[in-house]
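Peer 1: Please see the structure below; I have some questions.
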Amino acid sequence: MSLIVLLLLPFAGSCLAALLPHNARNTESLLAGLVALVGTLQVALLYPQIAHGGVIREEFMWLPSLGLNFVLRMDGFAWLFSMLVLGIGTLVSLYARYYMSPDDPVPRFFAFFLAFMGAMLGLVISGNLIQIVFFWELTSLFSFLLIGYWHHRADARRGAYMALMVTGAGGLCLLAGVMLLGHIVGSYDLDLVLAAGDQIRAHALYPVMLALVLIGALSKSAQFPFHFWLPHAMAAPTPVSAYLHSATMVKAGVFLLARLWPSLSGSEEWFYIVGGAGAITLLLGAYCAIFQNDLKGLLAYSTISHLGLITLLLGLNSPLAAVAAVFHILNHATFKASLFMAAGIIDHESGTRDIRKLSGLIRLIPFTATLAMVASASMAGVPLLNGFLSKEMFFAETVFISSTAWVEFALPVIATVAGTFSVVYALRFTVDVFFGPTATNLPHTPHEPPRWMRAPVELLVFTCLLVGIFPAQVVGSILAAAALPVVGGELPEYSLAIWHGWNAPMIMSLVAMSAGVVLYLLLRNQLKRGRFKYPPIISYFNGKRMFERSLVVMMRGVRRIEKRISTKRLQTQLFLLVLVAVVGGVIPMLNSGLSWGDRPKIPGSIVFVTLWLLAIACALGAAWQAKYHRLAALTMVSVCGLMTCITFVWFSAPDLALTQLVVEVVTTVLILLGLRWLPRRIEEVSPLPSSLRKARIRRLRDFLLSTVVGGGMALLSYAMLTRQTPNDISSFYLSRALPEGGGSNVVNVMLVDFRGFDTLGEITVLGAVALTVYALLRRFRPSKESMQLPAQQRQLAPDVATDLVNPRQASDTALGFMMVPAVLVRLLLPIALVVSFYLFMRGHNQPGGGFVAGLVMSVAFILQYMVAGTQWVEAQMSLRPMRWMGFGLFSATLTGLGALFAGYPFLTTHTWHFSLPVLGDIHVASALFFDVGVYAMVVGSTLLMLTALGHQSVRAHKPSNQAKVVVATEGAA
4 MSLIVLLLLP FAGSCLAALL PHNARNTESL LAGLVALVGT LQVALLYPQI
54 AHGGVIREEF MWLPSLGLNF VLRMDGFAWL FSMLVLGIGT LVSLYARYYM
104 SPDDPVPRFF AFFLAFMGAM LGLVISGNLI QIVFFWELTS LFSFLLIGYW
154 HHRADARRGA YMALMVTGAG GLCLLAGVML LGHIVGSYDL DLVLAAGDQI
204 RAHALYPVML ALVLIGALSK SAQFPFHFWL PHAMAAPTPV SAYLHSATMV
254 KAGVFLLARL WPSLSGSEEW FYIVGGAGAI TLLLGAYCAI FQNDLKGLLA
304 YSTISHLGLI TLLLGLNSPL AAVAAVFHIL NHATFKASLF MAAGIIDHES
354 GTRDIRKLSG LIRLIPFTAT LAMVASASMA GVPLLNGFLS KEMFFAETVF
404 ISSTAWVEFA LPVIATVAGT FSVVYALRFT VDVFFGPTAT NLPHTPHEPP
454 RWMRAPVELL VFTCLLVGIF PAQVVGSILA AAALPVVGGE LPEYSLAIWH
504 GWNAPMIMSL VAMSAGVVLY LLLRNQLKRG RFKYPPIISY FNGKRMFERS
554 LVVMMRGVRR IEKRISTKRL QTQLFLLVLV AVVGGVIPML NSGLSWGDRP
604 KIPGSIVFVT LWLLAIACAL GAAWQAKYHR LAALTMVSVC GLMTCITFVW
654 FSAPDLALTQ LVVEVVTTVL ILLGLRWLPR RIEEVSPLPS SLRKARIRRL
704 RDFLLSTVVG GGMALLSYAM LTRQTPNDIS SFYLSRALPE GGGSNVVNVM
754 LVDFRGFDTL GEITVLGAVA LTVYALLRRF RPSKESMQLP AQQRQLAPDV
804 ATDLVNPRQA SDTALGFMMV PAVLVRLLLP IALVVSFYLF MRGHNQPGGG
854 FVAGLVMSVA FILQYMVAGT QWVEAQMSLR PMRWMGFGLF SATLTGLGAL
904 FAGYPFLTTH TWHFSLPVLG DIHVASALFF DVGVYAMVVG STLLMLTALG
954 HQSVRAHKPS NQAKVVVATE GAA
């Protein structure tokens, strides 16, 4: 199995999980577990290739000229994280089968879970910096969905929102830092970046770049001052907490720090920022964990503390400290995942996670209690467990560091105090919960969970014991393979022995454990009763308060700005938008100026001069009539568009002319449908002189701005058209369109081949716009002003209301006076289909293509709606515009990915030639399938927008509106 198949496997499983029925909990968990298990086995089989510094690399050409190829890269460090992501994912899938309720929307849970797994896997095996940021943001998105899974709860919504805000903002900073890093190195390829450490550290932009990258990494791993979001994420289901906060989500930040350690570490900036943030987080998280009364809250703050330990190790600029950080990443994942699952079992069986209510559970759930106590002891650093080994390496690095005097003194003290606190909160998790009198006021009587629900905890705890007793034999080679890429060279000498004799780290461990037991005994009664409060100094480290205050300040500032510059008048809004656009266009010309060239002019024609004068007159007339007669203004604007179409024909641009003509038809229909629901203009009976004066000033202002814009665009167009264009641009496309693009229509070849990536982006934006319009119009209701007749018309036509009592007759015009046109339009539908197919098939060599063909087909369908009525059309045809859009985007994207799988850059065109008995030689280009996507997207988007407007007719004539007097004189939708 290649790396690309390994990456796509969780995403494919996510799509399949979303399609399963609501009550298929067993099938969902089995699917997720098999996906993760297959991936785990495949990654395990890759170990021999990376065991001794090897690197597995798969590269797919994307945008090679910009250095943006899709690269998958697995070394020892990526292998370790892949095993954590997939291995613990397998165990969590099994655990979730028993934890999740049958009433929960389980398909949604496992779909999000597998998608997050795929995003995290893509992050750790990416070999391109931009690609890392892409998967980085995907993890933020899917974690938001998982944390807010129980969206009916306010705490889940708040926790998901906070996590997305903090990690999303950090991701934007990371993107800016990565762009600077790629600029410094000259490439975004991870191999080149890791080999350019000296060049990066010596660059003038290093401090700025480092700060941006560290903001992204520290916010993701909940390091100070971004630590506040992680405890609020505990509102997620416990399987999510066990997965996100032990092996995946919060480990992404420390993964990035370790991944870029060879390139970014070694400077004072790195030492003080990374080491300082890690030291503060280590102490602050451990201290806060002591006073938590919720089991998951305690584990959340302990996670923050242990992530601070890893960050501090990475910040020490020591290869041996980096090895210790990698070792603790592995150890923390095992004991923290088991602790979260144990906390979930306690909550699941007893109905509460409140430590003050829990007591004596070892008598009720002895097996789970034993497992939880062993995992908690590993978290506290008790000997013969894996947490003890990495903690000893951490103590050793703080003792033997070579730095300034105050740093050499402070670090061992910080490490010892943090170790003391870890013992205290570990004792709270075990002694307070499992010992003492048996709790009697619990919501449920606890009992042991199902056998297979406890199995993942047993396997993880067994791993803690096995690594703690036989470290060199179990993880010695794995740690060496994982740490080698992190240190970026030869591994330092280190020992994984259990006993190193009586030395400073061992004394620090004994002091920490003894002091922790004493401190726990001193605080036990107060903590059990909930009487102990944080000292005032902790309020200064309240990141949540800082976050909420910053949001309030920003919202107040935005509202003040909005109050000063915004207005409810559309005319003023348009004026400001156009004015800003004019200023933005003038600023670049202040230095360069505006001049035109000596390109030979094309001889004019009296016919076209007359047509252009007619277009100018229509434009002025449309501007004048827009206030009084909208339909007349629309007609004159359409004449201007027709003149533009004829101009394209005159300048030998038939593709543009075809597109312009069909776009004019579609936009005219769109505006007609929109005009129907605009409120009626009400003239003031006797305006005041001051109002008249203000109106004249406003009209003069708008007229001057319109003149500047129109004249400026005319000057820019004239300047561009009179300059000589570089011959190499046109010759490039003319010479390569047929041999490389497989078509003689250069315009179409540019759209589907040379500029295919732009076209893919444009149709994606088109689909997003269509969905936005549809979403807005779903809740749109026509205003009363647009549906009520004036008093004079009501007197002259009192029978209008009775004529429109039947809503079917009001919205189905084919039953009335439009029957003959409706029949004719139905006959035109197959003809339009043939014309559309003809334009599509000839587009690669003659004027046409998917865009104009899709518009022709859309017009054919829209005519059915306009003439026959909405209800009749939808009773006869099932168009489903969203499926058109989905198929179009899928076809276009799949065409581009096909080139990647063939080893070529994204959207590279391939042609095939073959002969058929009757048809003869057939020439097929892969761009045909891309054009199919464009065609389907255009049809679906156009139908979705226009039919969404047309549906307002049906809503306007629903029974709740039958008593209202309506106007039906501007056509049916």
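Numbering (the numbering used here), first residue to last: 4 to 976.
Glycine included, every Cβ here is placed at the ideal spot set by N, Cα and C.
Tell whether a beta-carbon distance below 8 angstroms holds between V859 and L832.
Peer 2: Not a contact, by the Cβ cut-off of 8 angstroms.
Peer 1: Please check the pair W627 and Y721, which I expect to be a contact at CB under 8 angstroms, by giving their CB distance rounded to whole angstroms.
Peer 2: Their Cβ separation, rounded to whole angstroms, is 26 angstroms, which puts W627 and Y721 out of contact at 8 angstroms.
Peer 1: Please confirm whether A336 and L87 have their CB atoms less than 8 angstroms apart.
Peer 2: Yes, they are a contact pair.
Peer 1: If you scan the region 45 to 76 from start to end, which runs of the alpha helix (DSSP H) of 4 or more residues do you find wholly inside it?
Peer 2: As far as the region 45 to 76 is concerned, its whole alpha helix (DSSP H) runs of at least 4 residues are 50 to 53.
Peer 1: Could you say if the region 732 to 741 and the region 890 to 909 meet the contact criterion of at least three C-beta pairs nearer than 8 angstroms?
Peer 2: In short, these stretches do not touch, since the Cβ pair count stays below three.
Peer 1: Comparing alpha-carbon positions, which option in G121, W505 and G363 lies nearest P440?
Peer 2: Minimum Cα distance to P440 is reached at G363.
Peer 1: Quick one: what does DSSP say T647 is sitting in, helix, strand or coil?
Peer 2: Here T647 sits in helix by DSSP.
Peer 1: Rounded C-beta distance between K360 and A236? I'm assuming under 8 angstroms.
Peer 2: At roughly 23 angstroms, the Cβ-Cβ gap does not stay under 8 angstroms, so K360 and A236 are not in contact.
Peer 1: Hey, how far is the Cα of Y102 from the Cα of L22?
Peer 2: Whole-angstrom Cα-Cα distance: 21 angstroms.
Peer 1: Here's the rule I'm using: 16 or more other beta-carbon atoms within 10 Å means buried, otherwise exposed. How should Y98 be labelled?
Peer 2: It is buried - the Cβ of Y98 has at least 16 other Cβ atoms within 10 Å.
Peer 1: Just the C-alpha distance for L513 and L319, rounded to the nearest angstrom, thanks.
Peer 2: So the two alpha carbons sit approximately 24 angstroms from each other.
Peer 1: Name the two residues that bound the continuous alpha helix (DSSP H) containing T407.
Peer 2: No alpha helix (DSSP H) holds T407; DSSP gives it neither H nor E.
Peer 1: Determine the contact status of L317 and W232, defining contact as a CB-CB distance below 8 angstroms.
Peer 2: No, they are not a contact pair.
Peer 1: Hey, L903 and F63 are a contact pair by Cβ (cut 8 angstroms); roughly how many whole angstroms apart?
Peer 2: Their Cβ separation, rounded to whole angstroms, is 4 angstroms, which keeps L903 and F63 in contact under 8 angstroms.
Peer 1: For I925, which residues does DSSP report across the bridge?
Peer 2: According to DSSP, which records beta bridges pairwise, I925 is partnered with F917.
Peer 1: Measure from the alpha carbon of P908 to the alpha carbon of each residue in I150, D658 and N72, then state which is nearest.
Peer 2: It is N72 whose Cα lies nearest to the Cα of P908.
Peer 1: Mapping DSSP to helix, strand and coil, what is D357?
Peer 2: In the structure shown, D357 sits in a strand (DSSP, three-state: E or B).
Peer 1: Count the other CB atoms, across all protein chains shown, that sit within 10 Å of the CB of L213; report buried if there are 16 or more and exposed otherwise.
Peer 2: By the neighbour-count rule (16 or more Cβ atoms within 10 Å), L213 is buried.
Peer 1: Output the boundary residues of the alpha helix (DSSP H) element that contains E140.
Peer 2: Start and end: L132 to I150.
Peer 1: Tell me D761's beta-bridge partners as DSSP assigns them.
Peer 2: Paired residue(s): none; D761 is not in a bridge.
Peer 1: Do L177 and L124 count as a contact pair if the criterion is CB distance below 8 angstroms?
Peer 2: No. Outside cutoff.
Peer 1: To the nearest angstrom, report how far apart L40 and P453 are at their CA atoms.
Peer 2: Roughly 21 angstroms between the two C-alpha positions.
Peer 1: What residue from G219, H248, Q849 and L89 has the CA that sits closest to L259's CA?
Peer 2: Closest option to L259, Cα to Cα, is G219.
Peer 1: What is the residue span of the alpha helix (DSSP H) that H309 lies within?
Peer 2: H309 -> alpha helix (DSSP H) spans L298 to G318.
Peer 1: Report the partner residues of D192 according to the DSSP bridge assignment.
Peer 2: DSSP output for D192 lists N131 as bridge partner(s).
Peer 1: The alpha helix (DSSP H) spanning T896 covers which residue range?
Peer 2: Looking at the DSSP string, the run of the alpha helix (DSSP H) that includes T896 is P884 to F904.
Peer 1: From this set, T945, G311 and A518, which residue's C-alpha is nearest V668's C-alpha?
Peer 2: Of the listed residues, the one whose Cα sits closest to V668 is T945.
Peer 1: The alpha helix (DSSP H) with I834 in it runs from where to where?
Peer 2: Residues M822 to R845.
Peer 1: Excluding sequence positions up to five away, which residues of its chain have a Cβ less than 6 angstroms from the Cβ of A421?
Peer 2: The residues are L285, L286 and A289.
Peer 1: Determine the closest residue to L703 out of F578, G746, V755 and S861, with distance taken between C-alpha atoms.
Peer 2: It is F578 whose Cα lies nearest to the Cα of L703.
Peer 1: Helix, strand or coil for F403? Go by DSSP, reduced to three states.
Peer 2: Reduced to three states, the DSSP call for F403 is coil.
Peer 1: Suppose the cutoff is 8 angstroms on Cβ atoms and the five residues either side in sequence are ignored; what does the same chain contact list for A485 look like?
Peer 2: So the qualifying residues of the chain are G79, F80, W82, L83, V329 and L333.
Peer 1: Expressed to the nearest angstrom, what Euclidean distance is found between the alpha-carbon atoms of T767 and F890?
Peer 2: Going by the C-alpha atoms only, they are around 12 angstroms apart.
Peer 1: If you reduce the DSSP assignment to three classes, tell me which class D158 lands in.
Peer 2: In this structure, D158 counts as helix in the three-state DSSP scheme.
Peer 1: For P449, which three-state DSSP category applies?
Peer 2: The answer is coil: DSSP assigns P449 none of H, G, I, E or B.
Peer 1: Looking at the unbroken alpha helix (DSSP H) that takes in W627, where does it start and where does it end?
Peer 2: Per DSSP, W627 belongs to the alpha helix (DSSP H) from I609 to Q628.
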